[in-house]
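A.B. asks:
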Amino acid sequence: GENVEQHPSTLSVQEGDSAVIKCTYSDSASNYFPWYKQELGKGPQLIIDIRSNVGEKKDQRIAVTLNKTAKHFSLHITETQPEDSAVYFCAASKGAGNMLTFGGGTRLMVKP
Amino acid sequence: GAVVSQHPSRVICKSGTSVKIECRSLDFQATTMFWYRQFPKKSLMLMATSNEGSKATYEQGVEKDKFLINHASLTLSTLTVTSAHPEDSSFYICSAAEALSGNTIYFGEGSWLTVV
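Here the protein sequences come in this chain order: A and B. Following my numbering from start to finish, the first sequence increments by one per residue and tops out at 112. Following my numbering from start to finish, the second sequence increments by one per residue and tops out at 116.
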């Protein structure tokens with residue numbers, strides 16, 4: 001089955017700096033890669049996703065890149081703000097709507 | 001984005017009793033919903049895939065007789081934890097795929113279950 005590795009497990013940055021979280025996946029058949037933000041005690045919130053026919057996608061301060069050959073994808077957050085502090089999960093699936101395999105999560109702390 | 005609602009958000013029950021958690025897609029129909037369990041500071045663990053009008057598909061190691069899943073309509077799936085024990089205490093989260101957004105998966109707010 002699919003295996004998703006996520007690094008780092010914790011990340012501390014200064015407000016205004018950029019944050020990068022990286023994930024690798026094992027199943028070359030995976031073609032849908034969403035990223036979720038989870039605040040304490042709440043359900044995951046979709047922040048951005050990318051499909052395998054696209055190499056990069058950007059939404060304001062958030063961007064995701066995908067390298068299908070290397071089987072890895074990354075989340076980039078620029079101009080970080082304290083409210084970006086949360087746990088971020090990457091995931092992979094064989095097509096949107098199918099079961100997601102999650103990475104282990106990254107706890108991002110943005111220091112004011 | 002689409003809204004997935006869970007109820008209750010928090011529930012406390014006694015050992016040996018059963019508790020039902022509801023998952024609703026508020027503004028879209030979902031033929032498939034997913035149930036996850038999450039332990040503190042851990043990732044989400046898929047328990048089962050809930051299919052409207054048919055039996056749920058359980059992941060390996062998940063007891064189907066203990067975690068009953070029903071998906072009777074296109075907007076509602078329920079998870080019933082039967083004969084609950086303290087070790088069933090956890091954060092349970094559902095998700096649903098919205099077809100109009102290319103089957104993007106949206107999550108509910110989760111339900112905290114405490115078994116005493």
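Where a beta carbon is used, it is the ideal one built from N, C-alpha and C, also for glycine.
(1) Quick check: is the beta carbon of B:G16 nearer than 8 Å to any beta carbon in chain A?
(2) Do we get a CB-CB distance below 8 Å when we pair A:A96 with the residues of chain B?
(3) Bridge partners of B:I69, per DSSP?
(4) Please classify A:S26 as buried or exposed, where buried requires at least 16 neighbouring CB atoms within 10 angstroms.
(5) Let me check one thing: in DSSP terms, what residues is B:R10 bridge-paired to?
(6) How about A:R51 and A:Y36: do their beta carbons lie closer than 8 Å?
(7) Any beta-carbon of chain A closer than 8 Å to the one on B:Y106?
(8) Going residue by residue through the stretch 32-70 of chain B, where are the continuous alpha helix (DSSP H) segments of at least 4 residues, counting only ones entirely within it?
(9) Work out the CA separation of B:T78 and B:L68 for me, nearest whole Å.
(10) Please tell me whether A:S93 and A:V20 are closer than 8 Å, where the distance is taken between their beta carbons.
(11) Which residues share a DSSP beta bridge with A:V110?
C.D. replies: Well, looking at it:
(1) Translated into positions along the second sequence, residue 16 of chain B becomes position 16. B:G16 does not count as touching chain A.
(2) Residue 96 of chain A sits at position 96 when you count from the first residue of the first sequence. A:A96 belongs to the set of residues whose beta carbon lies under 8 Å from a beta carbon in chain B.
(3) Mapped onto the second sequence, residue 69 of chain B falls at position 69. BP columns for B:I69 point to B:L79.
(4) Numbered from its first residue, the first sequence carries residue 26 of chain A at position 26. By the 10 Å Cβ count, A:S26 comes out exposed.
(5) In the second sequence, residue 10 of chain B corresponds to position 10, counting from 1. Answer is B:W112, bridged to B:R10.
(6) Residue mapping note: residue 51 of chain A aligns to position 51 of the first sequence, counting from 1. Residue mapping note: residue 36 of chain A aligns to position 36 of the first sequence, counting from 1. Between A:R51 and A:Y36, the C-beta spacing is not below 8 Å.
(7) Locating residue 106 of chain B in the second sequence gives position 106, where the first residue counts as 1. Against chain A, the CB of B:Y106 has a partner CB under 8 Å away; the residue lies at that interface.
(8) Taking only runs of at least 4 residues, no alpha helix (DSSP H) segment lies wholly in the stretch 32-70 of chain B.
(9) In the second sequence, residue 68 of chain B corresponds to position 68, counting from 1. In the second sequence, residue 78 of chain B corresponds to position 78, counting from 1. If you take the alpha carbons of B:L68 and B:T78, they lie about 8 Å apart.
(10) As a position in the first sequence, residue 93 of chain A is number 93, starting the count at 1. As a position in the first sequence, residue 20 of chain A is number 20, starting the count at 1. Contact annotation: A:S93 and A:V20 have beta-carbon atoms that are not nearer than 8 Å.
(11) Here residue 110 of chain A corresponds to residue number 110 of the first sequence, with the count starting at 1. By DSSP's assignment, A:V110 forms a beta bridge with A:V13.
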